[in-house]
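Engineer: Chains as they are written, first to last, in this note's numbering: chain X, 35 to 222; chain C, 394 to 611.
(1) Tell me which residue opens and which closes the alpha helix (DSSP H) that residue 66 of chain X is part of.
(2) Any idea what DSSP makes of residue 441 of chain C, helix, strand or coil?
(3) Here's the rule I'm using: 16 or more other beta-carbon atoms within 10 Å means buried, otherwise exposed. How should residue 185 of chain X be labelled?
(4) Looking at the structure shown, is residue 121 of chain X part of a helix, part of a strand, or coil, going by DSSP?
(5) Between the beta-carbon of residue 173 of chain X and the beta-carbon of residue 198 of chain X, is there less than 8 Å?
(6) Residue 87 of chain X and residue 118 of chain X - do their beta-carbons sit closer together than 8 Å?
(7) Of the residues X/183, X/190, X/155 and X/193, which one's Cα is nearest the Cα of residue 205 of chain X?
(8) Would you list, in chain order, the members of the segment 76 to 90 of chain X that have their beta-carbon closer than 8 Å to a beta-carbon of chain C?
(9) Can you pull the chain C neighbours of residue 66 of chain X, defined as C-beta to C-beta under 8 Å?
(10) What first and last residue would you give for the alpha helix (DSSP H) that runs through residue 40 of chain X?
(11) Could you spell out where the alpha helix (DSSP H) holding residue 126 of chain X opens and where it closes?
(12) Which residues bound the alpha helix (DSSP H) around residue 184 of chain X?
(13) Does the distance from the C-beta atom of residue 170 of chain X to that of residue 162 of chain X stay below 8 Å?
(14) Under a three-way DSSP split, which group does residue 93 of chain X fall into?
(15) Using a cut-off of 8 Å between C-beta atoms, extract the partners of residue 72 of chain X located in chain C.
(16) When the cut-off is 8 Å and only beta carbons count, does residue 458 of chain C lie next to chain X?
(17) Could you pull out every residue in the same chain whose Cβ sits closer than 6 Å to the Cβ of residue 91 of chain X, ignoring the five residues on either side in sequence?
(18) Once the 5 residues before and after residue 226 of chain X are set aside, which same chain residues still bring their CB inside 8 Å of it?
(19) Taking residue 403 of chain C as the query, report the chain X residues whose CB atoms sit under 8 Å from its CB, ordered along the chain.
(20) Compare the C-beta of residue 41 of chain X against all C-beta atoms of chain C and say whether one is closer than 8 Å.
(21) Which residue's Cα is closest to the Cα of residue 104 of chain X: X/181, X/54, X/195 and X/39?
(22) Can you list the residues of chain C that residue 155 of chain X reaches, using a CB-CB cut of under 8 Å?
(23) I'd like the span of the alpha helix (DSSP H) that includes residue 167 of chain X, first residue to last.
(24) Under 9 Å between beta-carbons, which chain C residues line up against residue 99 of chain X? List them in chain order, please.
(25) Taking only beta-carbon positions, decide if residue 439 of chain C is within less than 8 Å of chain X.
(26) Taking the straight line between their C-alpha atoms, what separation do you get for residue 45 of chain X and residue 449 of chain C?
(27) By the three-class DSSP mapping on this structure, what secondary structure does residue 431 of chain C have?
(28) Mind checking if residue 443 of chain C is an interface residue toward chain X, Cβ cutoff 8 Å exclusive?
(29) With 8 Å as the threshold, decide whether the Cβ of residue 419 of chain C is near any Cβ in chain X.
(30) Might you give, ordered along the chain, the residues of its own chain that have their beta carbon closer than 6 Å to the beta carbon of residue 149 of chain X, omitting 5 neighbours on each side?
(31) Residues of the segment 51 to 66 of chain X in Cβ contact with chain C at a cutoff of 8 Å, in chain order, please.
(32) Do you know whose CA, among X/180, X/200, X/201 and X/202, lies nearest residue 192 of chain X's CA?
(33) Leaving out five residues before and five after residue 62 of chain X in sequence, what residues of the same chain have Cβ atoms less than 7 Å from its Cβ?
(34) How big is the Cα-Cα spacing for residue 124 of chain X and residue 110 of chain X?
(35) Residue 407 of chain C: buried (16+ other C-beta within 10 angstroms of its C-beta) or exposed?
(36) Report yes or no: is there a C-beta of chain X within less than 8 Å of the C-beta of residue 451 of chain C?
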């Protein structure tokens with residue numbers, strides 16, 4: 035992603051309320067942040083709703099954000115989007131969909147995942163059940179700790195760890211079978 | 394999974410550019426919706442602040458002008474030498490009185506009307522008649538002729554205030570300074586007294602200085 039746009043001066047203009055700069059930022063971040071929301075919600079309209087609420091919060095809290103670098107800024111925006119999605123899921127009580135699965139058996143095929151193409155990997159993760167996918171996204175991709183995840187999802191730390199190991203087991207199973215799972219999708 | 398593996402996964406997923414296939418949102422329309430929920434630009438807020446400040450300044454200026462420019466006489470008359478209708482003391486020892494007419498402000502008129510509606514009290518007559526006195530005094534003083542050879546040493550001025558306090562202000566023209574005096578008046582009256590000190594007359598009248606008094610009971 036070309037991040038020359040996300041320099042300190044540009045972010046400062048957005049923070050001061052410059053509409054032109056804010057629009058540029060919105061257009062620049064729409065696609066990547068939409069994908070973040072889709073990874074959590076797997077539903078286009080829900081993802082759009084959360085994305086708009088997230089952008090609103092980004093612009094509202096931007097004056098208080100202390101800029102360090104582009105990656106830090108992007109991480110901050112991603113976290114806001116993730117929080118919006120989690121709030122949405124909590125409101126819908128979608129976390130009750132945690133299925134009980136067998137614990138992980140054998141070695142997790144991390145190398146196989148890393149060798150996959152990004153789009154293929156993304157579609158594989160999207161097929162995970164909601165609870166697994168949420169914890170996997172938060173822990174493996176967004177970098178939250180299990181303690182933070184437990185606070186965000188209002189679950190125990192052990193539940194977060196269990197969900198993450200189960201997500202890995204499911205991914206392994208999917209890789210072995212190479213056929214998509216059908217349950218756990220939102221909006222169905 | 395190790396942390397480095399998570400990092401590679403995250404980079405790979407976050408590195409996906411563009412929107413999912415088949416999804417083409419109208420970004421202009423979405424921006425319009427988002428913009429309506431955003432707070433106003435700071436420059437706009439500054440404009441409003443400036444406008445509010447300007448209004449405040451204008452309002453306070455108008456209030457001050459009303460109170461000081463044409464407002465009621467609140468203090469002692471003698472303390473306002475620049476006000477119209479009052480005696481002006483200059484470096485020239487000759488007494489000069491400004492014969493300009495007294496202007497009565499709206500507030501003063503209101504207070505005079507309000508007092509006129511109240512039951513008559515002896516004190517009220519003083520306040521009501523104050524402007525009349527000021528307009529009549531100069532004509533009477535003009536008739537005073539200073540005898541040749543007299544040295545003017547002091548010009549005491551006595552004006553009864555609204556609270557029946559009479560303040561005497563003395564201006565010394567020959568180095569003799571008399572202490573300011575304040576005395577209560579029981580009768581509601583206004584009095585101007587002008588004294589001319591003559592050493593020969595002092596001896597003749599055994600201590601009591603001759604004085605020309607202009608007195609008007611109100």
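For each residue, glycine too, the CB sits at the ideal point set by N, CA and C.
Structural biologist: In terms of the structure at hand:
(1) 53 to 75
(2) helix
(3) exposed
(4) helix
(5) yes
(6) Residue 118 of chain X places its beta carbon less than 8 Å from that of residue 87 of chain X.
(7) Ranking the options by Cα distance to residue 205 of chain X, first place goes to X/155.
(8) 78, 82, 86, 89 and 90
(9) 407, 409 and 410
(10) Looking at the DSSP string, residue 40 of chain X is not in any alpha helix (DSSP H), and its letter there is neither H nor E.
(11) Segment: none, residue 126 of chain X is in no alpha helix (DSSP H) and carries neither H nor E.
(12) Counting along the chain, the unbroken alpha helix (DSSP H) around residue 184 of chain X starts and ends at 180 to 187.
(13) yes
(14) helix
(15) 413
(16) no
(17) The beta carbon of residue 91 of chain X sits closer than 6 Å to those of 114, all from its chain and outside the five residues before and after it, given in chain order.
(18) Chain X is shown only over 35 to 222; residue 226 of chain X falls outside these bounds and no answer can be derived.
(19) 174, 175, 176 and 177
(20) Contact with chain C is absent for residue 41 of chain X, since none of that chain's Cβ atoms lies less than 8 Å from the residue's Cβ.
(21) Ranking the options by Cα distance to residue 104 of chain X, first place goes to X/39.
(22) 402, 405 and 406
(23) 164 to 170
(24) The premise fails here: residue 99 of chain X is roughly 15 Å from chain C at the closest Cβ pair, so nothing lies under 9 Å.
(25) no
(26) 36 Å
(27) coil
(28) no
(29) no
(30) none
(31) If you check each beta-carbon in the segment 51 to 66 of chain X against every beta-carbon of chain C, the ones closer than 8 Å belong to 51, 52, 53, 56, 57, 60, 61, 64, 65 and 66.
(32) X/180
(33) 39
(34) 21 Å
(35) Sixteen is the threshold: when 16 or more other Cβ atoms of the shown chains lie within 10 Å of the Cβ of residue 407 of chain C, as they do, the residue is buried.
(36) no
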